[in-house]
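Notes follow once the structure below has been shown.
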Amino acid sequence: MNAGMPHHANYTRGYFMPPEPCFDWVKKDYIDHAPNWCSVDLRDGNQALVVPMSLDEKIDLFRMLVSIGFKEIEIGFPAASETEFELARILIEQDMIPEDVTIQVLTQAREHIIKKTFEALEGCKTPVIVHVYNSTSVAQREQVFHKDKEQIKHIAITGAKLLKELTESAGRDNYRFEYSPESFTGTEPEYALEVCNAVLDVWKPTPERKAIINLPVTVEMSLPHVYASQVEYISKNLTYRDAVEVSLHPHNDRGTGVACAELGVLAGADRIEGTLFGNGERTGNVDLVTLAMNLFSHGVDPKLDFSDLPSVVELFERVTRMEVNPRSPYSGQLVFAAFSGSHQDAIAKGLKYREEKNPEHWSTPYLPIDPADVGRCYENDVIRINSQSGKGGIGYILEKNYGYVLPPKLREELSYASKDASDHAHKELSPTEVNDIFHETCVNNATTLKLLDFHFTRDSENKAFKAFLTVERGGEEQDAVGNGNGRLDAVCNALSKLSIRAHIATYSEHALETGSDSRAAAYVGIDNEDGTITWGVGEHHDIITASILGLISAVNRQMS
């Protein structure tokens, strides 16, 4: 601990282990199905904003949540503000709620707030969850409400009774009830259980019309396994358990909200409340994108569609004025980006391996999921070039964006040129900039020697070629003739007549496009006196011309 920080004895743990922890959840190693999801973006996410969303922005977000696949959406706290009340009225009166979507509203266990909430729901024909809460924690009982356990339980029971009375008097069989012992993580588990069971005794839920008992991590106070043990204790000891959904509402004060949610599901929870990208008060709610995509990465259908995650990010940032962190799992701009040369090389080889040998399974190094599954592209989002990048990344960028299949040694040489350019400019290089460096360095180089014309003849037995070459050198036009076993060999011998040494060490070629008018690329490596190779690249619609241009490019680079 740093000098000057308060001594740890000033802080208490504030959380409670169950009286008889079971730990059956520890025996499970994965979640095999998606929980029921409830988005609280429009309420919990909105109330945490510096500038709360406008009515139109709330409607835009509601529509997006529906399109993603949320079947339960908390639209607000109708008694808290006019905008939240008006949102409920607009959604109901303009029939904007799909038949298979349940709206949820939040209310404190106070009579006038509950009645205002029911006014906001008047005329709703689609399913509704009325979520009532009161705080049960030791800290709240002692410091805020100055009430004992019986008095706090009485508040919960009174609220539960009023919900039931108002629902029955209005003849609303489409309403379901949810109860939260707020600050559950700071409440003795056996007391939280006592309050929850008292509420259930009022509602008497049935399997056909389940109640929801929500266990909020109002403030994250413990390691995730402690919360899971609390959830397991409640889940195993609730009355009416077959008529109850156990719900979780994790916050992220300790940065382990996702872990709390996942372990809580293993411990018996049926449902999760959270927000997109973890928006919410203080450090935020649990991130439903991360939870859903974690399931997806294990081959489990999350029942939410994030196949166009960039569009979800764009709308979220527009209506909330918040920014998704570039390192936010799955959704951040940089989460699939590989700048490191070794990472780029492994990813490029892994993608090639999958394409050729294992297209049905995803096991690519460094990529937990296929970026394309969330609307990201390899060329712009995965392999990115800066001063840390290597030959694998350079080769991948040029092949995927422009069709060039560079020989390994040429990729290595070009990677040094790109790293140097990035280092000096102190910035990332775009694919266009990488391609520009490639062309400026290697392609159709005519700095000293320029090809003007050429043609070939063959002997009567078609065993040898004669090259007739016209070049410009130092502003002077020169002609030369050379014989060889092949066209490039003949050109090399013609150049030797001009006192230009060109011995081909390696050669490859390929088409850049399909079709009769496609361009071709030829990669020519010529020996240097020290045993190294100088590369040149020729590009032309005619492969023979491309080959000679590649040779001339290599010669010019060797002479520079």
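For the sequence shown, the working numbering begins at 940 and goes up steadily by one.
For glycine and all other residues, C-beta sits at the position ideal for the given N, C-alpha and C.
The structure presented is a predicted model; accordingly, all values stated were derived computationally and were not measured.
Helix, strand or coil, according to DSSP, for residue i in the structure here?
{"i": "Pro1370", "result": "helix"}
{"i": "Tyr1016", "result": "One detail in the question is off: residue 1016 reads as Phe in this sequence, not Tyr. The answer is coil: DSSP assigns Phe1016 none of H, G, I, E or B."}
{"i": "Ala1084", "result": "Note that residue 1084 is Phe in the sequence shown, not Ala. Helix at Phe1084."}
{"i": "Leu1458", "result": "As written in the sequence, residue 1458 is Arg, which differs from the Leu given in the question. Correct three-state label for Arg1458: coil."}
{"i": "Met940", "result": "Note on Met940: pLDDT 44, under 50, position unreliable in the model; the coordinate value appears next. Three-state DSSP puts Met940 in coil, outside helix and strand."}
{"i": "Asn1218", "result": "coil"}
{"i": "Ser1486", "result": "helix"}
{"i": "Gly1464", "result": "strand"}
{"i": "Leu1139", "result": "helix"}
{"i": "Leu1154", "result": "strand"}
{"i": "Gln1272", "result": "coil"}
{"i": "Thr1145", "result": "strand"}
{"i": "Glu1295", "result": "helix"}
{"i": "Pro1265", "result": "coil"}
{"i": "Arg1257", "result": "helix"}
{"i": "Arg1412", "result": "strand"}
{"i": "Ser1119", "result": "strand"}
{"i": "Gly1423", "result": "strand"}
{"i": "His1479", "result": "strand"}
{"i": "Val1382", "result": "strand"}
{"i": "Ala1109", "result": "coil"}
{"i": "Arg1496", "result": "helix"}
{"i": "Ser1074", "result": "strand"}
{"i": "Asp1034", "result": "coil"}
{"i": "Cys1199", "result": "helix"}
{"i": "Val1313", "result": "helix"}
{"i": "Val1239", "result": "coil"}
{"i": "Glu1159", "result": "coil"}
Leaving out the 5 sequence neighbours to the left and right, which residues in its chain are closer than 7 angstroms to residue i when beta-carbon positions are compared?
{"i": "Ala1059", "result": "Pro1017, Phe1024, Ala1027, Arg1028 and Val1044"}
{"i": "Asp1526", "result": "Residue coverage of the chain in this structure runs from 940 to 1499, which leaves residue 1526 outside it and unanswerable."}
{"i": "Thr1380", "result": "Leu1353 and Ala1356"}
{"i": "Glu1262", "result": "Glu1256"}
Given residue i, which residues of its chain have a CB within under 6 angstroms of its CB, disregarding the five upstream and five downstream residues?
{"i": "Thr1222", "result": "Asn1191 and Asp1192"}
{"i": "Met940", "result": "Per-residue confidence for Met940 stands at a pLDDT of 44, beneath the threshold of 50, marking its modelled position as unreliable; the derived number appears in the next sentence. There are no such residues."}
{"i": "His1394", "result": "Phe1407"}
{"i": "Asp1309", "result": "Trp1301"}
{"i": "Glu1184", "result": "Lys1149, Ile1151, Asp1209 and Arg1210"}
{"i": "Trp964", "result": "Ala1167, Glu1171, Leu1205 and Ala1206"}
{"i": "Met1498", "result": "Thr1387"}
{"i": "Thr1396", "result": "Lys1405"}
{"i": "Leu1030", "result": "Ile1036"}
{"i": "Cys961", "result": "Glu1171"}
{"i": "Thr1157", "result": "Glu1121 and Ser1122"}
Who are residue i's beta bridge partners in DSSP?
{"i": "Phe1395", "result": "Ala1406"}
{"i": "Asp1428", "result": "Partner(s): none; Asp1428 has no beta bridge."}
{"i": "Tyr1114", "result": "Val1067"}
{"i": "Trp1474", "result": "Gly1464"}
{"i": "Val1044", "result": "Gly1015 and Val1069"}
{"i": "Thr1445", "result": "Gly1464"}
{"i": "Ile1322", "result": "Ala1277"}
{"i": "Val1252", "result": "Val1252 is not bridged to any residue."}
{"i": "Leu1390", "result": "Val1410"}
{"i": "Asp1418", "result": "Thr1409"}
{"i": "Arg1210", "result": "Asn975 and Ser1186"}
{"i": "Ala1433", "result": "Beta-bridge pairing links Ala1433 to no other residue."}
{"i": "Asp1226", "result": "Thr1214"}
{"i": "Ala1450", "result": "Ala1459"}
In chain order, what residues of the same chain have a beta carbon less than 8 angstroms from the beta carbon of residue i, not counting five sequence neighbours either side?
{"i": "Thr1214", "result": "Ser978, Val979, Asp980, Asp983, Gly984, Gly1223, Asn1224, Val1225, Asp1226 and Leu1227"}
{"i": "Ser1457", "result": "Ala1450, Leu1451 and His1480"}
{"i": "Glu1032", "result": "Gly1062"}
{"i": "Arg1180", "result": "Ser1174"}
Assess contact between the region 1159-1167 and the region 1193-1210, defined as three or more Cβ pairs (one per stretch) separated by less than 8 angstroms. Is contact present? yes
Does the contact criterion of 3 or more C-beta pairs under 8 angstroms hold for the region 1295-1309 versus the region 1342-1357? no
Quick test of the definition: if touching needs 3 or more C-beta pairs under 8 angstroms, does the region 1264-1273 touch the region 1237-1256? yes
So, does the region 1362-1380 touch the region 1396-1415, judging by three or more C-beta pairs under 8 angstroms? no
Can you give, in chain order, each stretch of the beta strand (DSSP E) that sits fully within the region 943-1026 and has at least 3 residues? 975-978 and 1011-1015
Segment contact, 8 angstroms Cβ cut-off, at least three pairs: the region 1324-1338 with the region 1277-1287: yes
Do the region 1363-1371 and the region 1477-1487 meet, that is, are 3 or more Cβ pairs less than 8 angstroms apart? no
Going along the chain, which unbroken runs of the alpha helix (DSSP H) with 4 or more residues stay wholly within the region 1325-1361? 1330-1341
For the 8 angstroms Cβ check, are there 3 or more pairs between the region 1458-1473 and the region 1437-1446? yes
Touch test, the region 1047-1065 against the region 1098-1105, Cβ-Cβ under 8 angstroms, three pairs minimum: yes
Does the count of Cβ pairs from the region 1306-1325 and the region 1424-1444 closer than 8 angstroms reach three? no
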